[in-house]
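Peer 1: Chains Z and B supply the protein sequences, listed in that same order.
Numbering-wise, our numbering puts 90 at position 75 of the first sequence, and it's gapless, one number per residue.
Numbering-wise, our numbering puts 10 at position 4 of the second sequence, and it's gapless, one number per residue.
All C-beta atoms in this analysis are idealised placements derived from N, C-alpha and C, irrespective of residue type, glycine included.
Below is a structure I'd like to ask you about.
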Amino acid sequence: MVRRVCVVGAGVVGLSSAVCIQEKVPGVQVTVLSEKFSPHTTSDGAAGFWEPHILNDTPQELIRRWGDETWDHLKTLYLSPVACDAGVILLSGYHLHKQPQQDPDWASTVFGFRHLTKQDLQQFPGFSSGWFSTHLLCEGRKYLPWLMTKFKKAGGKVQQGKVTSLTELADHYDVVVNCCGIGAGELVGDNTVQPVRGQVYRVHAPWIKCFFDAEYDGHDFYIFPCSNNVVLGGTAQKGNWNLSPHPADSKAIWEGCCQLVPSLRKCKVDHEWVGLRPSRPKVRLERESVGKGSSSLEVVHNYGHGGAGITLHWGCAQQAARLVREALSLQQLKPKL
Amino acid sequence: MKVAVIGAGIVGMTSALRIMEEAAHARRQIDLTVISEKFCPDNTSYGAGGIWKPPSQEHMTAAELRWLKWSFDYLTSMLKTDYAHELGIFLQPGYYVFMEHVPDPAWKDIVVGFRHLTAWELNNLFPGYKHGWFYTAFICQPRDFLPWAHTKLAENGVGFVRRRVGSLEELTPHYDVIVNCTGLEARSLVQDKAVLPARGQVMRVKAPWIRYFVGTSGPHPTIKGDPYIYANLHDVVIGGIKQEGDYRVTNDPRDTKTIWEGVLALHPQLKGAEVVEEWTGLRPMRKGGIRLERETLVDSKSGRDFEVIHNYGHGANGVTWSHGCAREVAEIVKVIMTEKVTKSRL
Chain Z
16 MVRRVCVVGA
26 GVVGLSSAVC
36 IQEKVPGVQV
46 TVLSEKFSPH
56 TTSDGAAGFW
66 EPHILNDTPQ
76 ELIRRWGDET
86 WDHLKTLYLS
96 PVACDAGVIL
106 LSGYHLHKQP
116 QQDPDWASTV
126 FGFRHLTKQD
136 LQQFPGFSSG
146 WFSTHLLCEG
156 RKYLPWLMTK
166 FKKAGGKVQQ
176 GKVTSLTELA
186 DHYDVVVNCC
196 GIGAGELVGD
206 NTVQPVRGQV
216 YRVHAPWIKC
226 FFDAEYDGHD
236 FYIFPCSNNV
246 VLGGTAQKGN
256 WNLSPHPADS
266 KAIWEGCCQL
276 VPSLRKCKVD
286 HEWVGLRPSR
296 PKVRLERESV
306 GKGSSSLEVV
316 HNYGHGGAGI
326 TLHWGCAQQA
336 ARLVREALSL
346 QQLKPKL
Chain B
7 MKVAVIGAGI
17 VGMTSALRIM
27 EEAAHARRQI
37 DLTVISEKFC
47 PDNTSYGAGG
57 IWKPPSQEHM
67 TAAELRWLKW
77 SFDYLTSMLK
87 TDYAHELGIF
97 LQPGYYVFME
107 HVPDPAWKDI
117 VVGFRHLTAW
127 ELNNLFPGYK
137 HGWFYTAFIC
147 QPRDFLPWAH
157 TKLAENGVGF
167 VRRRVGSLEE
177 LTPHYDVIVN
187 CTGLEARSLV
197 QDKAVLPARG
207 QVMRVKAPWI
217 RYFVGTSGPH
227 PTIKGDPYIY
237 ANLHDVVIGG
247 IKQEGDYRVT
257 NDPRDTKTIW
267 EGVLALHPQL
277 KGAEVVEEWT
287 GLRPMRKGGI
297 RLERETLVDS
307 KSGRDFEVIH
317 NYGHGANGVT
327 WSHGCAREVA
337 EIVKVIMTEK
347 VTKSRL
């Protein structure tokens with residue numbers, strides 16, 4: 016008997032979960048149900064830079080495990096002919112600080128992590144220390160359509176719509192995977208989900224061949240070259256739901272980035288964008304049985320990835336697929352009445 | 007003092023720029039003309055991607071290291087302006103991989119952040135290669151730099167003449183100093199048999215997500231030849247052809263195939279990338295290395311002395327050497343000027 020799985024949400028977490036479930040769980044028909052699809056999701060506007068970020072109290076071992084699994088996955092894509100289609104890029108660059116910082120946990124995952132020398136720092140007046148490392152970047156704008164193609168080719172179904180409560184899906188599905196990101200708060204009444212508002216510019220500056228990330232005095236100015244434009248950011252405003260670019264933020268980002276790399280003053284702005292990072296005290300990745308009797312439903316929650324959606328997505332998707340398998344086995348033991 | 011620079015490639019134009027700048031700085035009178043048979047886009051420099059990469063050797067002469075340092079310093083100083091990228095000047099990190107543990111290059115402290123590749127990087131990014139370097143260096147795209155140089159020189163009163171110079175003596179009645187930046191043509195102009203071409207063919211493809219260079223030194227078990235990839239401003243240069251003694255300047259489909267085979271084995275993600283340009287050029291190699299020296303010759307007709315500064319034979323690394331060699335040339339011109347002033351005071 017074919018078991019029906021519904022993945023709610025079509026951002027990077029939702030689509031990768033859907034693909035992993037197809038690959039790892041036998042005998043299922045997977046449907047992705049979402050209000051928004053690429054290019055209108057949060058994942059589409061993000062630069063997609065691999066680096067664990069804004070994860071609050073998520074346990075370090077989990078960040079390590081999910082992050083490293085995602086890194087390996089991105090690396091495999093990067094080395095294959097599909098790298099361009101999937102939006103996976105190799106990118107080196109600088110983290111800059113005004114005071115020495117402890118080495119990050121991800122130092123041994125990325126390629127060639129080292130401290131900046133005096134010679135390096137000459138390029139960056141005002142900064143006294145930093146790191147140089149080589150990362151992978153996975154652009155949502157390309158990766159999501161690539162995942163969707165993969166998903167459909169493997170027989171996945173897609174439905175557009177807004178879900179107001181999980182139990183409304185109980186009649187049609189055996190397991191629901193909740194990948195709603197910022198929408199999860201409303202959907203399951205989880206008020207620990209908070210937006211961390213990020214505003215960026217996307218500009219044309221093809222001479223920028225490295226990333227730059229400068230953290231100081233509570234600011235985080237960053238420059239990430241992507242497939243065919245450069246992201247300038249950013250902001251990290253907790254609890255701010257405003258999706259329109261704010262002129263004061265635009266000015267601060269522009270000044271901050273141009274101070275870091277003066278040649279940016281000559282670049283051409285393509286557009287501005289705002290995304291709401293779906294932040295939570297910890298990533299929620301666990302099973303839950305909801306409802307009772309005929310409207311009972313097995314749910315796998317996979318949301319709250321903060322600023323690390325792309326960084327953790329594949330590791331989390333693999334775990335979500337394992338939980339779906341568990342949920343289905345459990346259901347077989349207690350059939351729906 | 008009348009100075010002629012023969013050759014308008016990266017070596018000639020940087021020499022002219024430096025001579026002009028030094029003269030202006032010293033408030034000296036110099037009448038400078040650039041004479042060339044070819045100008046951009048018809049010269050060797052135009053098609054070059056412009057990567058700063060000297061030969062990989064462990065030992066270099068003090069002069070060579072001086073020119074390399076001056077060159078890197080010049081490009082670094084250009085970065086402080088806000089128009090460096092308009093000249094095609096920007097920094098790029100990248101990888102150079104080998105099949106054996108080679109000694110570090112003589113210039114490792116000149117580039118930024120030179121280090122060896124970790125075993126992890128070699129195994130994961132360049133499987134099969136045994137050793138590698140990672141560093142950040144410059145790109146200086148001649149097709150952007152040379153037009154800018156031309157304008158700057160013209161604005162400062164430098165003359166340009168398009169013509170082929172058959173012998174130095176054609177110029178001696180009109181110029182006190184001749185700077186010979188003729189590249190491959192030096193073989194016939196000054197009968198230097200050590201000069202020979204190394205034919206190169208490259209393609210430019212659309213792959214804006216590639217922002218680093220990869221150079222290789224084979225022979226690798228599965229990757230044929232020595233393919234290379236590096237990013238320019240608007241496209242990515244791919245190549246791997248170096249045919250010594252080959253004078254053909256047209257593209258060869260067999261070389262196109264060789265380039266693709268090597269590059270796709272190295273970097274499968276480039277499969278299907280759109281080709282926007284294919285180009286062939288002859289690297290001006292010279293056995294024994296760069297000839298950068300002053301020579302005083304006697305004009306056979308008038309019996310007069312004339313000064314020649316040779317600056318040719320930069321091989322595969324014209325862009326790399328040019329700014330540093332230009333500075334050396336300008337220093338020699340300064341010395342000649344001082345000698346002339348001294349002589350005329352006697």
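CA-CA distance, B/R210 and B/A279?
Peer 2: About 10 angstroms.
Peer 1: How close, in whole Å, do the beta carbons of B/V183 and B/I315 come, if the pair is a contact with beta carbons under 8 angstroms?
Peer 2: Indeed they touch by this definition, with Cβ atoms about 7 angstroms apart.
Peer 1: Taking only runs that begin and end inside the segment 148 to 186 of chain Z, name each unbroken beta strand (DSSP E) of 3 or more residues, in chain order.
Peer 2: Complete beta strand (DSSP E) runs here, min 3: 172 to 175.
Peer 1: Taking beta-carbon pairs under 9 angstroms, can you tell me which members of the segment 34 to 65 of chain B lie near chain Z?
Peer 2: So the list is empty, because no residue satisfies the distance condition.
Peer 1: At the 8 angstroms Cβ level, is Z/A229 part of the contact set with chain B, yes or no?
Peer 2: Chain B, which has no Cβ nearer than 8 angstroms to the Cβ of Z/A229, makes this no.
Peer 1: So which residues of chain B does Z/I104 contact, with C-beta pairs closer than 7 angstroms?
Peer 2: Those are W215, listed as they occur along chain B.
Peer 1: Closest to Z/S49 by CA distance: which of Z/F64, Z/G24, Z/D59, Z/V17 is it?
Peer 2: The shortest Cα separation from Z/S49 among Z/F64, Z/G24, Z/D59, Z/V17 belongs to Z/G24.
Peer 1: Taking the alpha carbon of B/H31 as the reference point, which residue from B/T348, B/A336, B/E345 has its own alpha carbon closest?
Peer 2: With distances taken between Cα atoms, B/H31 lies closest to B/A336.
Peer 1: How far does the alpha helix (DSSP H) with Z/H320 in it reach, from first residue to last?
Peer 2: Note, Z/H320: premise wrong, no alpha helix (DSSP H); not H, not E.
Peer 1: I want to check one thing, is the minimum distance from the CB of Z/H286 to the heavy atoms of the ligand ZN below 7 angstroms?
Peer 2: Absence of the ligand ZN from the depicted structure is noted, as is the absence of any ligand whatsoever, leaving it without description.
Peer 1: In the DSSP assignment, what are the bridge partners of B/A209?
Peer 2: Looking at the sequence provided, one finds Met at residue 209 of chain B rather than Ala. According to DSSP, B/M209 bridges with B/I244, B/E284.
Peer 1: Using 8 angstroms for Cβ pairs, my map puts B/P148 next to B/G56. What's the rounded Cβ distance?
Peer 2: The pair is a contact, with the Cβ atoms about 6 angstroms apart (cut-off 8 angstroms).
Peer 1: Taking the alpha-carbon positions, what's the B/I95 to B/G18 distance?
Peer 2: So the two alpha carbons sit approximately 18 angstroms from each other.
Peer 1: If you scan the segment 112 to 156 of chain B from start to end, which runs of the alpha helix (DSSP H) of 4 or more residues do you find wholly inside it?
Peer 2: With a minimum length of 4 residues, the continuous alpha helix (DSSP H) runs that stay inside the segment 112 to 156 of chain B are 125 to 131.
Peer 1: For B/L159, does the three-state DSSP call read helix, strand or coil?
Peer 2: Three-state DSSP puts B/L159 in a helix.
Peer 1: Looking only at its own chain, which residues have a Cβ that is under 7 angstroms from the Cβ of Z/D285, when we skip the five neighbours before and after it?
Peer 2: These residues qualify, in order along the chain: R217, V218, H219, N244.
Peer 1: Taking Cβ-Cβ distances below 7 angstroms as the criterion, which residues of the segment 263 to 274 of chain B are in contact with chain Z?
Peer 2: Against chain Z - using a Cβ distance shorter than 7 angstroms - the residues of the segment 263 to 274 of chain B are P274.
Peer 1: Can you tell me whether DSSP reads Z/C273 as helix, strand or coil?
Peer 2: Looking at Z/C273 - three-state DSSP - the assignment turns out to be helix.
Peer 1: Mind pulling the chain Z residues with CB within less than 8 angstroms of B/K230?
Peer 2: None at all; the shortest Cβ gap to chain Z is about 18 angstroms.
Peer 1: Let's see if you can read the secondary structure: which residues bound the alpha helix (DSSP H) around Z/Q333?
Peer 2: First-last of the alpha helix (DSSP H) with Z/Q333: 324 to 348.
Peer 1: Of the choices Z/V215, Z/L338, Z/H88, Z/A98, whose alpha-carbon is the least far from that of Z/D59?
Peer 2: Out of Z/V215, Z/L338, Z/H88, Z/A98, Z/V215 has the C-alpha closest to the C-alpha of Z/D59.
Peer 1: Would you list, in chain order, the members of the segment 127 to 145 of chain Z that have their beta-carbon closer than 9 angstroms to a beta-carbon of chain B?
Peer 2: The residues in question are G127, R129, L131, T132, Q134, D135, Q137, Q138.
Peer 1: Tell whether a beta-carbon distance below 8 angstroms holds between Z/C225 and B/P99.
Peer 2: Cβ atoms of Z/C225 and B/P99: closer than 8 angstroms.
Peer 1: Can you give the Cα-Cα distance for Z/L327 and Z/Q75, rounded to whole angstroms?
Peer 2: Those two C-alpha atoms are separated by around 12 angstroms.
Peer 1: Comparing the C-beta of B/G119 with each C-beta of chain Z, is any distance below 8 angstroms?
Peer 2: By this cut-off, B/G119 is an interface position.
Peer 1: Against B/T286, what residues of chain Z qualify as contacts under a CB-to-CB distance less than 9 angstroms, listed in chain order?
Peer 2: Those within 9 angstroms of B/T286 in chain Z number zero; the least Cβ separation is about 25 angstroms.
Peer 1: Between which residues of its own chain and Z/A323 is the CB-CB distance below 6 angstroms, once the five residues before and five after are set aside?
Peer 2: Answer for Z/A323: P67, H68, L70, listed in chain order.
Peer 1: By a C-beta neighbour count over all protein chains shown, 10 Å radius and 16 as the cutoff for buried, is B/L276 buried or exposed?
Peer 2: That one is buried.
Peer 1: Which residues of chain B have a Cβ atom closer than 9 angstroms to the Cβ of Z/W288, listed in chain order?
Peer 2: Within chain B, no residue comes near Z/W288; the closest Cβ sits about 19 angstroms away, beyond 9 angstroms.
Peer 1: Closer than 7 angstroms between beta carbons: that is the criterion. Which residues of the segment 219 to 246 of chain Z meet it against chain B?
Peer 2: So the close ones are P221, W222, K224, C225, P240, S242, N243.
Peer 1: Where does Z/Q289 land, buried or exposed, given buried means 16+ other C-beta within 10 angstroms?
Peer 2: Per the sequence shown, the amino acid found at residue 289 of chain Z is Val instead of Gln. Under this definition Z/V289 is a buried residue.
Peer 1: What does Z/K281 reach in chain B if we use C-beta pairs closer than 9 angstroms?
Peer 2: Result: D88, Y89, H91, E92.
Peer 1: Which residues in chain B sit within 7 angstroms of Z/A98, going by Cβ to Cβ distance?
Peer 2: By Cβ distance, chain B contributes Q275.
Peer 1: Given that Z/F64 touches chain B, what residues does it touch there, using C-beta distances under 9 angstroms?
Peer 2: Residues of chain B passing the Cβ test: none, with the nearest at roughly 13 angstroms.
Peer 1: Is it buried or exposed for Z/H316, if we count other Cβ within 10 angstroms and need 16 for buried?
Peer 2: Under this definition Z/H316 is a buried residue.
Peer 1: Below 8 angstroms on the Cβ atoms is my guess for Z/L136 versus Z/S143; work out the distance and round it to an integer in Å.
Peer 2: So it is a contact: roughly 7 angstroms between Cβ atoms.
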